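Chemist: Dropping the structure in here first, questions after.
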């Protein structure tokens, strides 16, 4: 099969709020959201979520486009691990990768070197070499589908067919009842927030870039409940005080629970890091990272 890739264009967004800057937390208290969108500094893949103070904080920059239809196209086709290049501004020439997608109005998250993020500005253009939607996992059992993932990351994430099942190491396996914001939305454009209860053992050790398995969740098209199904996704943004919100997971693998062997390890390594992205990169280059 001939792999198909596309060059896409996005623009670094600036955070926006309504006439009031406040959101309401689960206890009814107003707060000002920090770190939701724009260019976020000081946060990296591999950071523990409990160490990240803010609301929906993702490491790097958020892309959108002035044309809403183009924004939705960008979100639909961009996949985790796709290479990106800053095209103008003080950070022109810096290279990085797609980290995930946020959904609202078509937003894509990208990670870049610290020195590039320090000078990146809202309005700067970034190109994305999109590849991965429609990819097939060779030898996968019937019903198992990949989505939102550059196939070049399969090895780094540990996703492999072993016998008649797909083996994937995850930080934890959580019930589908935790799925909040994002349910009902197109899985190829959105992430889904996991509304963890306080004190959850998985939330306590969760890191940006971890894999998480969610039971009874089907993301082949729109995100929804399906008994006997399982979905695996990458944690792409941090927690949120809002009810029904929480750590965001961009889905990358879905199928019958009988066909996917999600092996939980609360103490295992985080699979999606700057190092793992750089090591499997051939033509995209990349930049130095502060850590």
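Numbering (UniProt numbering), first residue to last: 1 to 291.
The C-beta atom is built at its ideal place from N, Cα and C for all residues, glycine as well.
Quick caveat, the model's predicted, so the values are computed rather than measured.
Provide the residue span of the alpha helix (DSSP H) that contains residue 22, from first to last.
Modeler: Here residue 22 belongs to no alpha helix (DSSP H), and DSSP marks it neither H nor E.
Chemist: If you run the structure through DSSP and keep just helix, strand and coil, what is residue 50?
Modeler: helix
Chemist: Going by DSSP, what residues sit across from residue 146 in a beta bridge?
Modeler: Paired residues: 253.
Chemist: Residue 77 and residue 133 look like a contact to me (Cβ under 8 Å); what is the Cβ gap, rounded to whole Å?
Modeler: 6 Å
Chemist: Would you report the Cα separation of residue 211 and residue 168, rounded to the nearest angstrom?
Modeler: Spanning the two alpha carbons is a distance of roughly 9 Å.
Chemist: Considering only the alpha carbon of each residue, which of 245, 237, 241 lies closest to residue 44?
Modeler: 237
Chemist: Starting from the C-beta of residue 5, find all residues in its chain whose C-beta is less than 7 Å away, skip the five residues before and the five after it, and write them out in chain order.
Modeler: Cβ within range, chain order: 129, 130, 131.
Chemist: So for residue 73, helix, strand or coil by DSSP?
Modeler: helix
Chemist: Can you find the residues in the same chain that come closer than 7 Å, C-beta to C-beta, to residue 15, ignoring five residues on each side of it along the sequence?
Modeler: Counting only Cβ-Cβ distances below 7 Å, and skipping sequence neighbours, we find 36, 37, 38.
Chemist: Could you spell out where the beta strand (DSSP E) holding residue 11 opens and where it closes?
Modeler: 6-12
Chemist: Could you have a look at residue 276 and say whether DSSP puts it in helix, strand or coil?
Modeler: helix
Chemist: Look up residue 117 in the DSSP assignment and say whether it is helix, strand or coil.
Modeler: helix
Chemist: Is it buried or exposed, residue 18, if we count other Cβ atoms within 10 angstroms and call 16 or more buried?
Modeler: exposed
Chemist: Would you list, in sequence order, the uninterrupted beta strand (DSSP E) runs of no fewer than 3 residues that lie entirely inside the UniProt domain "DUF4438" (164-265)?
Modeler: 165-170, 172-174, 211-218, 224-237, 248-256, 260-264
Chemist: So is residue 61 buried or exposed if we call it buried at 16+ other beta carbons inside 10 Å?
Modeler: The residue in question, residue 61, is buried, as its Cβ has 16 or more Cβ neighbours within 10 Å.
Chemist: Which residue comes first and which comes last in the beta strand (DSSP E) that contains residue 109?
Modeler: 108-111
Chemist: How long is the line joining the alpha carbons of residue 158 and residue 152, rounded to whole angstroms?
Modeler: Distance between the alpha carbons of residue 158 and residue 152: 11 Å.
Chemist: Quick check on DSSP: helix, strand or coil for residue 45?
Modeler: coil
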